[in-house]
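**Student:** In full-length UniProt numbering, the protein residues as written are 309 to 845. Positions of the beta carbon are idealized from the N, C-alpha and C atoms, including for glycine. Everything numeric in this text was worked out from a predicted model, so none of it was measured.
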Ligand code: NA7
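In structure tokens form, the structure reads like this:
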């Protein structure tokens, strides 16, 4: 992971340099803006405050670059210990960060924003909270999380279930004991696949209810050696530069053409990448793996073969066979997921063959039988990317709500602004690289751009900035045209909103992170193309 030879960067490709990012921070410190933040959670951390289910980790090899990069002091104050960072460690990092930069004094925790309204004559937003307060601000920055609104299945009788019931995205802060319990887990996305092996180690029995079998790759998580930690510190500047250049990721992607290799040679490459683990098989096999159906089929079949090798019971292995295009749902990395099905205390129900019909106080009834359980774990994911913005449902120009605005399409400009919603900015909004980029760095760079936009308004005595409808329509087309060149939209996934019944189908992320940030910088340099401004009232 930390071999500097695998880092790759080209100065000319950055929208701005890491040095400039540091300078931006200094400039921001000097902006003298007052910030007031509201958070429903009891502390900082967002996703990492809420998702504390057993086995929760960053869903990629992440140390030491799942981190903010603008401050050397911050880098020096932290040490990552494992290649795939565990939840507790990310949370501790964020808590340390908030403390170091003295942020907590401006954040009001355990507070829901119940209403956010733009006042056109004042060019300001008014916020109302569930604690009965109101606040007024010129700018509203929505950093409401791309994976926050829990998706709860509405099976008949689910609320009659009388045992313990937890959603992975709302895991209790108290210790949950699985000992002696029969646990049912619904969902085999990243959260299910991370938690099932851990739950199985402690529970009496685990019954997994699987709707879609998944391609999961071995994470090969391991502790970082003292030597690696020392080297990552020494090489931090290079590492950081390569993150800026690549999609938020320091690793060099190997660009190979599949047709230059025989099937046997390709197979050997797959074997090697599987052994290396992490997301290597997806990013370092062949450059067209996400666009060429035949090649994708070959890689898919390779992974299916691995699952057959690992899982000893052939009937269970068959139920675990994924059949969508490899890599087009969120890639999953596991620490012994398929191996877990070799345990005596784990069984698998294939909901496509044997669907859930109803719940009783103590069981799940499927077409073919009844499964008694003491605890239900819902690893059923989120109304991703758009759910939290719609939850907030800000009211923009003319009192039009976001729910009305986004009834049919989730239109944004640059994934950071919305036509009809002046002075509103989003971090990780739909149409940004968001969940397809290293999220701390993506947040950092978007925040820089937002700060620069605010500075532009202040310097020019402008009162409001608003994306034009035309720019938003074009951005929407651009995002979807890029996605249509890949196999992503062909698969039902939360990337296209397919996990939420009735959600408009649309690819929700910008596919090329580094180009995206170059684009943000260009828009600013060219005088904020695609935006209308109003003089300050
Ligand atoms: P995901 O990836 O959305 O996974 C949710 C899982 O729950 C997935 O297997 C779903 O099946 C399944 N699901 C959802 N609704 C149902 C119902 N009604 N019945 C049965 N099964 C259901 O969420 P995660 O929390 O695992 O991961 C979210 C992201 O967090 C992850 O990608 C990382 O970025 C971190 P489906 O595949 O939709 O058929």
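Determine which residues share a DSSP beta bridge with residue 740 and list them.
**Tutor:** Note: residue 740 sits in no beta bridge, so no partner.
**Student:** With a 10 Å radius around its C-beta and 16 neighbouring C-beta atoms as the bar for buried, classify residue 605 as buried or exposed.
**Tutor:** Residue 605 comes out exposed.
**Student:** In angstroms with no decimal places, state the Cα-to-Cα distance between residue 545 and residue 561.
**Tutor:** Spanning the two alpha carbons is a distance of roughly 19 Å.
**Student:** Using the Cβ count rule (16 or more neighbours within 10 Å means buried), how would you classify residue 397?
**Tutor:** Classification for residue 397: buried.
**Student:** Report yes or no: do three or more beta-carbon pairs, one from the segment 456 to 472 and one from the segment 688 to 696, lie closer than 8 Å?
**Tutor:** In short, these stretches touch, since the Cβ pair count reaches three.
**Student:** Where does residue 664 sit, in a helix, a strand or coil, going by DSSP?
**Tutor:** If DSSP states are grouped into helix, strand and coil, residue 664 belongs with the strands.
**Student:** Can you tell me whether residue 394 is helix, strand or coil according to DSSP?
**Tutor:** DSSP places residue 394 in strand when its eight states are reduced to three.
**Student:** Give a single yes or no on whether residue 813 has its beta carbon closer than 8 Å to a heavy atom of ligand 1.
**Tutor:** Incorrect: residue 813 has no Cβ contact closer than 8 Å to ligand 1.
**Student:** Near residue 387, which residues of its chain fall below 7 Å by C-beta distance, leaving aside the five closest residues on each side in sequence?
**Tutor:** 537, listed in sequence order.
**Student:** Counting only beta-carbon separations shorter than 9 Å, does residue 754 have a partner in chain C?
**Tutor:** This model lacks chain C altogether; it includes just one protein chain.
**Student:** Residue 738: which of 692, 652 and 762 sits nearest, CA to CA?
**Tutor:** Checking every option, the nearest Cα to that of residue 738 belongs to 692.
**Student:** From the DSSP output, in three-state form, read off residue 310 for me.
**Tutor:** Confidence is the limiting factor: at residue 310 the pLDDT is only 33, short of 50, which leaves the residue's position unreliable and the question unanswerable from this model.
**Student:** Do residue 746 and residue 555 have their beta-carbon atoms positioned less than 9 Å apart in this structure?
**Tutor:** Against a cut-off of 9 Å, the Cβ pair of residue 746 and residue 555 comes out as a contact.
**Student:** Quick one: Cα of residue 348 to Cα of residue 764, how far?
**Tutor:** Taking the straight line from one Cα to the other gives about 31 Å.
**Student:** Please report how far the alpha carbon of residue 713 lies from the alpha carbon of residue 837, in whole angstroms.
**Tutor:** Near 22 Å, if we compare the C-alpha coordinates of residue 837 and residue 713.
**Student:** Work out the CA separation of residue 464 and residue 375 for me, nearest whole Å.
**Tutor:** Their Cα atoms are separated by approximately 42 Å.
**Student:** When you compare each of 597, 552, 580 and 531 to residue 563 by their alpha carbons, which one comes out closest?
**Tutor:** Closest option to residue 563, Cα to Cα, is 597.
**Student:** For residue 515 versus residue 632, is the C-beta distance shorter than 9 Å?
**Tutor:** The answer is no: Cβ separation not under 9 Å.
**Student:** Which one or two residues does DSSP pair with residue 673 in a beta bridge?
**Tutor:** Residue 673 pairs with 666 and 678.
**Student:** Which value, in whole angstroms, describes the spacing of the CA atoms of residue 651 and residue 623?
**Tutor:** Cα to Cα, residue 651 sits roughly 14 Å from residue 623.
**Student:** So what's residue 686 in DSSP terms, helix, strand or just coil?
**Tutor:** Here residue 686 sits in strand by DSSP.
**Student:** So is the beta-carbon of residue 802 under 8 Å away from any non-hydrogen atom of ligand 3?
**Tutor:** In the structure shown, ligand 3 is absent; the only ligands present are ligand 1.
**Student:** Are there any heavy atoms of ligand 1 lying less than 8 Å away from the beta-carbon of residue 591, as far as the coordinates show?
**Tutor:** For ligand 1, not one heavy atom lies less than 8 Å from the Cβ of residue 591.
**Student:** Could you tell me if the beta carbon of residue 684 falls within a distance shorter than 8 Å of some heavy atom in ligand 1?
**Tutor:** Checking every heavy atom of ligand 1 against the Cβ of residue 684, none is found closer than 8 Å.
**Student:** Would you mind stating whether residue 437 and residue 408 have Cβ atoms separated by less than 9 Å?
**Tutor:** No; because the gap between Cβ atoms is not below 9 Å, this pair is not in contact.
**Student:** Going by the beta-carbon positions, is the gap between residue 274 and residue 476 smaller than 9 Å?
**Tutor:** In the structure displayed, the chain extends from 309 to 845; residue 274 sits before or after that span and is not available.
**Student:** Apart from the five residues on each side of it in sequence, which residues of its chain come closer than 7 Å, Cβ to Cβ, to residue 585?
**Tutor:** 525, 526, 527 and 528.
**Student:** Is the segment 703 to 718 touching the segment 819 to 826, taking contact as three or more C-beta pairs under 8 Å?
**Tutor:** Short answer: they don't touch.
**Student:** With respect to the beta strand (DSSP E) encompassing residue 270, which residues constitute its N-terminal and C-terminal limits?
**Tutor:** Because the chain in this structure spans residues 309 to 845, residue 270 falls outside the shown range and cannot be described.
**Student:** Ignore the nearest five residues each way along the sequence and tell me which others in residue 616's own chain have a CB closer than 6 Å to its CB.
**Tutor:** 625.
**Student:** Curious, which full-length beta strand (DSSP E) runs of at least 3 residues does the segment 498 to 528 contain?
**Tutor:** Within the segment 498 to 528, the complete beta strand (DSSP E) runs of at least 3 residues are 513 to 518 and 524 to 526.
**Student:** Are residue 741 and residue 587 closer than 9 Å when you measure CB to CB?
**Tutor:** Taking 9 Å as the Cβ cut-off, residue 741 and residue 587 do not qualify as a contacting pair.
**Student:** Suppose you measure from the CA of residue 454 to the CA of residue 541; what does that come to, to the nearest Å?
**Tutor:** The straight-line gap from Cα to Cα measures roughly 30 Å.
**Student:** Can you give the Cα-Cα distance for residue 547 and residue 751, rounded to whole angstroms?
**Tutor:** C-alpha separation (whole angstroms): 18 Å.
**Student:** Which two residues bound the contiguous alpha helix (DSSP H) that contains residue 340?
**Tutor:** Where residue 340 is concerned, there is no enclosing alpha helix (DSSP H), given that its DSSP letter is neither H nor E.
**Student:** Throw me the rounded Cβ distance for the residue 353 and residue 411 pair, which I believe falls under 8 Å.
**Tutor:** About 12 Å; that fails the 8 Å criterion.
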